[in-house]
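Participant: Under mature numbering (1 follows the signal peptide of the UniProt record, and there is no 0), read the sequence shown as residues -24 to -1, 1 to 680, first letter to last. Beta carbons: idealized from backbone N, C-alpha and C, even for Gly.
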Amino acid sequence: MSLNRNLLFLALACGIAACTPSTGDGADVSSSAAAAPTAMVSGVDQAGIDRDVKPGDDFDAFANGGWRSGFEIPADRSSYGAFTVLLETAEKRNAELIAGIAAGNPEPGSDARRIADFHAAYMDEAGIEQRGLQALQPRLDAIDAIASRADLSRVLGSTVRADTDPLNYTNFHTDNLFGVFVAKQLQGSNHVASLMQGGLGMPDRGYYLSDDKEMVEARAAYQAYIAAMLKTAGIDGADARAKSILELEIAIAGAHAPVVDSQDVHKSNNPWPMAEFAKKAPGIDWSAFFAAAGLDAQPVIVAWQPAAIAGIAALVGSEPLPLWQDYLRFHALDHAAWNAAARGPGELPSAYTDLAFGFHGTTLSGTAVARERGKRALDATSLALGDAVGRLYVEKYFSAESKAMVEEMVHNILDAFDERVDSLEWMSAGTKAKAREKAGAMRVSVGYPDTWRDYSDLEIRADDALGNRLRAELHEYRYQLSKLDRPVDNGEWWMTPQTVNAVQLPLQNAMNFPAAILDKPFFDPDADPAANYGSIGAVIGHEISHGFDDTGAEFDTRGNLSNWWTPEDSEHFKAATAKLAAQYGAYEPLPGLYVNGELTSGENIADVSGLTIAYMAYRKSLGGEEAPVIDGLSGDQRFFLAFGQTWRSKIRDAALRQRLLTDGHAPAAQRAQTVRNIDAWYDAWNVQPGEQLYLAPEDRVRIW
């Protein structure tokens, strides 16, 4: 599971998903400097502290209130925070790399040429306007030619992409009717493809089914957006068609499983033999669908959300073909006009992309203006050619010394986890041994992968921005399908080096820490250890702890779904998890809208446990000595302030509402309050009963 599911590439996460930008997220260097903690000996930004707030009343406001009161979110962002500083550092470096590549006139057929041509095509605004829907026309022609359910099934199968990931990025959304995830079996040693629910143009089923005022307004805006896109494409009767498309998506949403259910690996472990799909999910011509999707040779496909797959298939069989054609036309236009992965308008003429930004950027996320094209071009290039860009990135910007220091920190924090397990009074010796075995076998990868992806068969043209993106998406899908014929590689990376994020991989019992997150303000090789352990150390502890959260604890040393707990230990773990869910469920970030403690459970466990072991590792790093007082702060105070300032963030209400409904991470302000479960925090800040964050010792959640 990633620190942030929203940042899949450079921009990316979110960063941490709860605090990094999800859409419309570019800003100038002055904004970056305003959010970056001021360089001080202590390693924390004392100017950002609000000393009128007691740490024990609101640690986020104490650590970040001074910064927040004087900072305005840039107009082209839905949020801004400490993670954004890292994003902008990586973005600036990518800009330098790509400019240097283009100036060097790279060899045809080389990765450098692909990077230069992809970026140039995206920046060719006049060419994009001139080409119109040209790159999309083959898909639109295929939709026009649908004359039977078999034809419809083939078109649906041909649009499937590898754009969902329920375990690593915890990304459950695809605008295609279905998504595919290829990974090791939940129980076994071979790769398998999982079919996942999709088909919604808005972020989650709640946008379609909720009677809340904001959701009703979102549906009205979405219907208007659908109609406007169809009119722009010259399709008559657009208003009536838009109404019918929305009604179809409401029906699809009604079939969807909630995200909390999709997170449950036991509910998702449904390997269906290919022949079973026609019996269990009638309505689709599954033979035609899987052949078009390139999956017809697979004996088994996992139905991740079986009831949803059956419900969607029934709609394919029951709803009129012309309605499905309208639905597919709109989604083809929407996908091309809004590049969700690059968090901004896509590669169609501005008549389409302006509409797309108005809905996705402004209505759903509250962003006033779109990110400038140059920044979107960097993200799009980095996403499509991630390893090609990443290889150059680490060669220039990631030192061997930083890699060695972070690897040492990871192993120190793993040692702290081992000691923590030994100290748990509630856990049996047998379960402790299994936990230590799993932690000891955890594969740690820092900075970059051992091997790089091959893009030699990916056609990139300097005059075809949308075609480049569509071919890159298909190339990624075919790469994922190719794994079905190969042994599982436990060293495989699921992020690129220029990604501002980190991830724990339960099926591989491994962790990736990309180079871009290992930088200021999170990591500084010259900084005070308290700041490094409180910031990047807590991130490292978070990812280690994901191996033992409510999902990770279901997997054994070899990454197999397996019960390695005694019944008594399992019950204690579930009770503590429920207690933490209730704690987070009491937070009310927006009036009447609370954190979903169940949806965010795994991330909350990882935050509490990760901070616990990062603190233990920090204290051990002192070698029994007390840390010096620097700038009037003790070592423990600097540690916890560094953690709190990691979650520095401002976010627009529309974006916050979306995240509360869809994101497996609690909002940043609430994640900063993790400290209330750590005994040492009370001592560091003299937190007393009666203060708002105070928890009696027996009420502090201690899972690991």
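(1) List the whole-angstrom C-beta distance separating A88 from I77, where the pair is believed to meet the contact cut-off of C-beta under 8 Å.
(2) Cutting at 7 Å between CB atoms, please list the residues of its own chain near A392, excluding the five before and the five after it.
(3) Which residues share a DSSP beta bridge with H167?
(4) May I ask which residues mark the beginning and end of the beta strand (DSSP E) holding I226?
(5) Classify Y198 as buried or exposed, calling it buried when 16 or more other Cβ atoms lie within 10 Å of its own Cβ.
(6) Taking its Cβ as the centre, do 16 or more other Cβ atoms sit within 10 Å of A58, making it buried, or is it exposed?
(7) Leaving out the 5 sequence neighbours to the left and right, which residues in its chain are closer than 7 Å to A9 when beta-carbon positions are compared?
(8) With burial defined as no fewer than 16 other Cβ atoms inside 10 Å of the residue's Cβ, what is the status of L340: buried or exposed?
(9) Assuming A284 and A231 are in contact, meaning their beta carbons sit under 8 Å apart, how far apart are those beta carbons, in whole angstroms?
(10) So what's R419 in DSSP terms, helix, strand or just coil?
(11) Could you check what DSSP says for K626 in three-state terms: helix, strand or coil?
(12) Could you check the C-alpha separation between H95 and A102 for me, to the nearest Å?
(13) Are the CB atoms of P497 and A478 nearer to each other than 8 Å?
(14) Let me confirm a value: R352 is counted as buried when at least 16 other C-beta atoms fall within 10 Å, else exposed. Which label applies?
(15) Just to confirm my understanding: we take E413, look at its own chain, exclude 5 residues before and 5 after, and list those with CB closer than 8 Å. What are they?
(16) Is P543 buried or exposed, if buried means 16 or more other CB atoms sit within 10 Å of its CB?
(17) According to DSSP, is P50 helix, strand or coil?
(18) Just verifying my parser: in three-state terms, what is the DSSP assignment at Q474?
(19) Whether or not the stretch 306 to 324 and the stretch 188 to 196 are in contact is what I'm after, with contact meaning three or more pairs of Cβ atoms, one per stretch, closer than 8 Å; do they touch?
(20) Could you pull out every residue in the same chain whose Cβ sits closer than 6 Å to the Cβ of A557, ignoring the five residues on either side in sequence?
(21) Please confirm if L291 has its CB atom under 8 Å from at least one CB of chain B.
(22) Jot down the residue ranges of each uninterrupted alpha helix (DSSP H) in the stretch 326 to 388, minimum 4 residues, whole runs only, in chain order.
(23) So, under 8 Å CB-CB, E452 and A138 are touching, yes? Tell me the CB distance rounded to an integer number of Å.
(24) Please state the DSSP three-state secondary structure of L206.
(25) For T329, collect the residues of the same chain with a Cβ closer than 7 Å to its Cβ; drop the 5 residues on either side in sequence, then sort them by chain order.
(26) Measure the C-alpha to C-alpha separation of G611 and V20 and round it to an integer number of angstroms.
(27) Comparing alpha-carbon positions, which option in S86, K68, E295, A92 lies nearest A79?
(28) For A486, write down the residues that DSSP places opposite it in a beta bridge.
(29) Any contact of the stretch 63 to 76 with the stretch 669 to 676, i.e. 3+ C-beta pairs under 8 Å?
(30) Just the Cα atoms here: how many angstroms apart are G568 and V276?
(31) Which stretch, first to last residue, makes up the alpha helix (DSSP H) that contains V515?
(32) If you follow the beta strand (DSSP E) that A279 is in, where does it begin and where does it stop?
(33) Which class does S55 belong to by DSSP, given the choice of helix, strand or coil?
(34) Can you list, in chain order, the residues of its chain whose CB lies under 6 Å from that of A289, leaving out five sequence neighbours each side?
(35) Classify I606 as helix, strand or coil using the three-state DSSP reduction.
(36) How should residue 685 be labelled, buried or exposed, when 16 other C-beta atoms within 10 angstroms of its C-beta is the threshold for buried?
Facilitator: Reading from the atomic positions:
(1) The residue given as residue 88 occupies position 112 in the sequence shown. The residue given as residue 77 occupies position 101 in the sequence shown. 5 Å between Cβ atoms; contact.
(2) As a working mapping, residue 392 is identified with position 416 in the sequence shown. The residues are I589, M592, A593, K596.
(3) By 1-based counting over the sequence shown, the position of residue 167 is 191. DSSP lists K160 as partners of H167.
(4) Within the sequence shown, numbered from 1, the residue matching residue 226 stands at position 250. Premise fails: I226 lies in the alpha helix (DSSP H), 214 to 231, not in any beta strand (DSSP E).
(5) Position 222 of the sequence shown, counting from 1, holds the residue named residue 198. Classification of Y198: buried, given that the 10 Å Cβ count is 16 or more.
(6) Indexing the sequence shown from 1 puts residue 58 at position 82. Looking at its Cβ environment, which holds 16 or more other Cβ atoms inside 10 Å, A58 is buried.
(7) On the sequence shown, position 33 is the one that residue 9 refers to. Low local confidence applies: a pLDDT of 40 at A9 is under 50, so the model's placement there is unreliable, and no value is given.
(8) Indexing the sequence shown from 1 puts residue 340 at position 364. Classification of L340: buried, given that the 10 Å Cβ count is 16 or more.
(9) Position 308 of the sequence shown, counting from 1, holds the residue named residue 284. Position 255 of the sequence shown, counting from 1, holds the residue named residue 231. Rounded, the Cβ-Cβ distance is 5 Å, consistent with contact.
(10) Against the sequence shown, residue 419 aligns to sequence position 443. R419 falls in the strand class under three-state DSSP.
(11) Within the sequence shown, residue 626 is the residue found at index 650, counting from 1. Three-state DSSP puts K626 in a strand.
(12) Locating residue 95 in the sequence shown gives position 119, counting from the first residue. Locating residue 102 in the sequence shown gives position 126, counting from the first residue. Using only the alpha carbons, I get a separation of about 14 Å.
(13) The residue given as residue 497 occupies position 521 in the sequence shown. The residue given as residue 478 occupies position 502 in the sequence shown. Cβ atoms of P497 and A478: not closer than 8 Å.
(14) Walking along the sequence shown from the start, residue 352 turns up at place 376. Answer is buried; the Cβ neighbour count reaches 16.
(15) As a first step, residue 413 must be located in the sequence shown, where it is residue number 437. Cβ within range, chain order: T533.
(16) Counting from 1 along the sequence shown, the entry for residue 543 is found at position 567. Classification of P543: exposed, given that the 10 Å Cβ count is below 16.
(17) Position 74 of the sequence shown, counting from 1, holds the residue named residue 50. The answer is coil: DSSP assigns P50 none of H, G, I, E or B.
(18) Counting from one through the sequence shown, the residue named residue 474 turns up at place 498. Correct three-state label for Q474: coil.
(19) no
(20) As a first step, residue 557 must be located in the sequence shown, where it is residue number 581. Closer than 6 Å at Cβ, skipping near neighbours: G573, E574, S577.
(21) The structure shown has no chain B; it contains just one protein chain.
(22) 326 to 332, 349 to 360, 362 to 373
(23) By 1-based counting over the sequence shown, the position of residue 452 is 476. By 1-based counting over the sequence shown, the position of residue 138 is 162. At roughly 6 Å, the Cβ-Cβ gap stays under 8 Å, so E452 and A138 are in contact.
(24) Start at 1 with the first residue of the sequence shown, and residue 206 comes out as number 230. Helix at L206.
(25) In the sequence shown, counting from the first residue as 1, residue 329 sits at position 353. Correct list, in chain order: A313, P321, G322.
(26) Within the sequence shown, numbered from 1, the residue matching residue 611 stands at position 635. Within the sequence shown, numbered from 1, the residue matching residue 20 stands at position 44. Distance between the alpha carbons of G611 and V20 is about 11 Å.
(27) Here residue 79 corresponds to residue number 103 of the sequence shown, with the count starting at 1. Among S86, K68, E295, A92, the Cα nearest to that of A79 is on A92.
(28) Within the sequence shown, residue 486 is the residue found at index 510, counting from 1. Paired residue(s): R419, L481.
(29) no
(30) Working through the sequence shown from its first residue, we reach residue 568 at position 592. Working through the sequence shown from its first residue, we reach residue 276 at position 300. Near 44 Å, if we compare the C-alpha coordinates of V276 and G568.
(31) For this step, residue 515 is matched to residue 539 along the sequence shown. Looking at the DSSP string, the run of the alpha helix (DSSP H) that includes V515 is 512 to 522.
(32) Against the sequence shown, residue 279 aligns to sequence position 303. Element bounds for A279: 276 to 279.
(33) Position 79 of the sequence shown, counted from the start, is the residue given in the question as residue 55. Strand, per DSSP.
(34) Mapped onto the sequence shown, residue 289 falls at position 313. So the qualifying residues of the chain are A257, G259, I260.
(35) Mapped onto the sequence shown, residue 606 falls at position 630. Reduced to three states, the DSSP call for I606 is strand.
(36) With the chain represented from -24 up to 680, any question about residue 685 goes unanswered, as that position is not in the structure.
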